[in-house]
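Chemist: Okay, handing you the structure first.
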Amino acid sequence: MAPLRIVIGRDEEGVAAQPEDSPTTKKPARPDSRVPLTRWEAAAAAAVFLIFSVGLFCIFLTMPEGDYDKILRLPRNLSDLRVLKDNLAIYARDYQAKFILGYCSIYIFMQTFMIPGTIFLSLLAGALFGVIKGVILVVFSATSGASSCYFLSKLIGRPLISWLWPEKLRFFQAEIAKRREKLLNYMLFLRITPSLPNTFINLASPIVDIPFRIFFLATLVGLIPASYVTVRAGLALGDLKSVRDLYDFKTLFVLFLIGFISIAPTILKRKRTYE
Numbered sequence: 007m008a009p010l011r012i013v014i015g016r017d018e019e020g021v022a023a024q025p026e027d028s029p030t031t032k033k034p035a036r037p038d039s040r041v042p043l044t045r046w047e048a049a050a051a052a053a054v055f056l057i058f059s060v061g062l063f064c065i066f067l068t069m070p071e072g073d074y075d076k077i078l079r080l081p082r083n084l085s086d087l088r089v090l091k092d093n094l095a096i097y098a099r100d101y102q103a104k105f106i107l108g109y110c111s112i113y114i115f116m117q118t119f120m121i122p123g124t125i126f127l128s129l130l131a132g133a134l135f136g137v138i139k140g141v142i143l144v145v146f147s148a149t150s151g152a153s154s155c156y157f158l159s160k161l162i163g164r165p166l167i168s169w170l171w172p173e174k175l176r177f178f179q180a181e182i183a184k185r186r187e188k189l190l191n192y193m194l195f196l197r198i199t200p201s202l203p204n205t206f207i208n209l210a211s212p213i214v215d216i217p218f219r220i221f222f223l224a225t226l227v228g229l230i231p232a233s234y235v236t237v238r239a240g241l242a243l244g245d246l247k248s249v250r251d252l253y254d255f256k257t258l259f260v261l262f263l264i265g266f267i268s269i270a271p272t273i274l275k276r277k278r279t280y281e
């Protein structure tokens, strides 16, 4: 018997979907709006989320007392981030070790469960800790969160990514198949450049059989250039008008240049093979 699949979503009229074998069921206009997870996959995802949430709550309990109404707010825009930075400056200075623990935990949690907003945390790292310490914090947190997302996707990711990005997944799988011999170079290129969203790479990598050691190393090294750009921008947070300003033409050119250098050995080897 085929596994029972949970359907999350509603049809265009906002009415909860009926069972497919019902004689009165109308065929939904947008079947792709539903998340295909089996009951066990949904339970596993909920269990992992609960474990992470409990861990985050336990870390919160160890934090020194403070004005939590002001410092425990995830920024939604640059204005919120500037206010948060001002509220956190003294707290981060007086309780640096515990603040860093809380910062990394929140970053990893958001990265694991694909919650938007980590770019604001990267800017915050630069504003509070400077370039060197900020880059170390961001790269460590982003790599840890991406690794957690990798293993979570290994558990339940195949139906999700096939639902979210079916064409992009097929393209990625074909590209990986062509570059098995120099897979690390190709993964470095993807991490350094904005060719594919990092969320997609985190989810798709275990599905297309990218070994974790290659995924981890490419993430650790490949995120450094973009992290440096974001963290450095955090030093001038007051002058930043939009998140889009982070990646202007000059910055993108440099990132792609670094990316092409990373895949140069693959290109040269292929050229020699054809010769």
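For reference, each letter of the sequence shown is one residue, going 7 to 281 in the working numbering.
Where a beta carbon is used, it is the ideal one built from N, C-alpha and C, also for glycine.
Only a predicted model underlies this, so the values are computations on that prediction, with no experimental measurement involved.
1) Is PHE115 near GLY151, with beta carbons less than 9 Å apart?
2) Please list, in chain order, all residues of the same chain as LEU80 whose beta carbon is under 7 Å from its beta carbon, the five residues on each side excluded.
3) When you measure from the CB of SER201 to every non-hydrogen atom of the ligand PLP, does any distance come out below 8 Å?
4) Let me know the secondary structure DSSP gives LYS256 once reduced to three states.
5) Ends of the alpha helix (DSSP H) at VAL141?
6) By the three-class DSSP mapping on this structure, what secondary structure does GLU181 have?
7) Using CA coordinates, which residue listed in LYS104, SER153, ILE65 and PHE222 is at the minimum distance from MET120?
8) Beta carbon of GLY240, beta carbon of GLY108: below 9 Å?
9) Following the continuous alpha helix (DSSP H) through GLY240, name the residue where it begins and the one where it ends.
10) Please report the distance separating the alpha-carbon of ALA51 from that of ASN208.
11) Using the rule of at least 16 other Cβ atoms within 10 Å of the residue's Cβ for burial, across every protein chain shown, is GLY61 buried or exposed?
12) Expressed to the nearest angstrom, what Euclidean distance is found between the alpha-carbon atoms of GLY244 and VAL144?
13) Using 10 angstroms around the beta-carbon of LYS91, count the other beta-carbons present and answer buried if the total reaches 16, otherwise exposed.
14) Could you give the residue range of the alpha helix (DSSP H) that holds LEU84?
15) Rounded to whole angstroms, what is the Cα-Cα separation between TRP169 and ALA210?
16) Quick one: any contact between the region 226-241 and the region 255-266, if contact means 3 or more CB pairs under 8 Å?
17) THR149 and THR225 look like a contact to me (Cβ under 8 Å); what is the Cβ gap, rounded to whole Å?
18) Under 8 Å by Cβ, that's how I've got SER128 and ILE65 pegged, so tell me the actual separation to the nearest angstrom.
19) Quick one: what does DSSP say LYS188 is sitting in, helix, strand or coil?
20) Would LEU130 and LEU87 qualify as a contact pair, given that the criterion is a beta-carbon distance under 9 Å?
21) Starting from ILE207 and walking both ways along the alpha helix (DSSP H), at which residues does that stretch end?
22) In three-state terms, what does DSSP make of LYS247?
23) Flag this pair as yes or no: are the beta carbons of LEU261 and PRO200 separated by less than 9 Å?
Modeler: The structure says:
1) Looking up residue 115 in the sequence shown gives position 109. Looking up residue 151 in the sequence shown gives position 145. Yes, Cβ-Cβ distance for PHE115 and GLY151 is below 9 Å.
2) Position 74 of the sequence shown, counted from the start, is the residue given in the question as residue 80. Closer than 7 Å at Cβ, skipping near neighbours: GLY123.
3) Questions concerning the ligand PLP fall outside what the structure shown contains, since it holds no ligand whatsoever.
4) One-based indexing of the sequence shown puts residue 256 at position 250. Helix, per DSSP.
5) Working through the sequence shown from its first residue, we reach residue 141 at position 135. VAL141 -> alpha helix (DSSP H) spans 137-170.
6) In the sequence shown, residue 181 corresponds to position 175, counting from 1. GLU181 falls in the helix class under three-state DSSP.
7) Within the sequence shown, numbered from 1, the residue matching residue 120 stands at position 114. Answer by Cα proximity: SER153.
8) The sequence position of residue 240 within the sequence shown is 234, counting from 1. The sequence position of residue 108 within the sequence shown is 102, counting from 1. The answer is no: Cβ separation not under 9 Å.
9) Within the sequence shown, the letter at position 234 stands for residue 240. GLY240 -> alpha helix (DSSP H) spans 218-240.
10) What you label residue 51 is simply residue 45 of the sequence shown in a count that begins at 1. What you label residue 208 is simply residue 202 of the sequence shown in a count that begins at 1. About 16 Å.
11) For the purposes of this step, residue 61 is taken as residue 55 along the sequence shown, with counting starting at 1. Result: exposed.
12) Counting from one through the sequence shown, the residue named residue 244 turns up at place 238. Counting from one through the sequence shown, the residue named residue 144 turns up at place 138. The straight-line gap from Cα to Cα measures roughly 20 Å.
13) Here residue 91 is taken as the residue at index 85 of the sequence shown, counted from 1. Burial call: buried.
14) As a first step, residue 84 is located in the sequence shown; it is residue number 78 there, counting from the start. Looking at the DSSP string, the run of the alpha helix (DSSP H) that includes LEU84 is 84-100.
15) On the sequence shown, residue 169 is found 163 positions in, with the first residue counted as 1. On the sequence shown, residue 210 is found 204 positions in, with the first residue counted as 1. Roughly 12 Å between the two C-alpha positions.
16) yes
17) Translated into the one-based positions of the sequence shown, residue 149 becomes position 143. Translated into the one-based positions of the sequence shown, residue 225 becomes position 219. About 5 Å; that satisfies the 8 Å criterion.
18) In the sequence shown, residue 128 corresponds to position 122, counting from 1. In the sequence shown, residue 65 corresponds to position 59, counting from 1. About 20 Å separates the two Cβ atoms, so there is no contact after all.
19) Position 182 of the sequence shown, counted from the start, is the residue given in the question as residue 188. If DSSP states are grouped into helix, strand and coil, LYS188 belongs with coil.
20) By one-based count along the sequence shown, residue 130 stands at place 124. By one-based count along the sequence shown, residue 87 stands at place 81. Contact: yes.
21) Against the sequence shown, residue 207 aligns to sequence position 201. That run of the alpha helix (DSSP H) goes 204-210.
22) Numbered from 1 along the sequence shown, position 241 holds the residue referred to as residue 247. Three-state result, LYS247: coil.
23) One-based indexing of the sequence shown puts residue 261 at position 255. One-based indexing of the sequence shown puts residue 200 at position 194. The answer is yes: Cβ separation under 9 Å.
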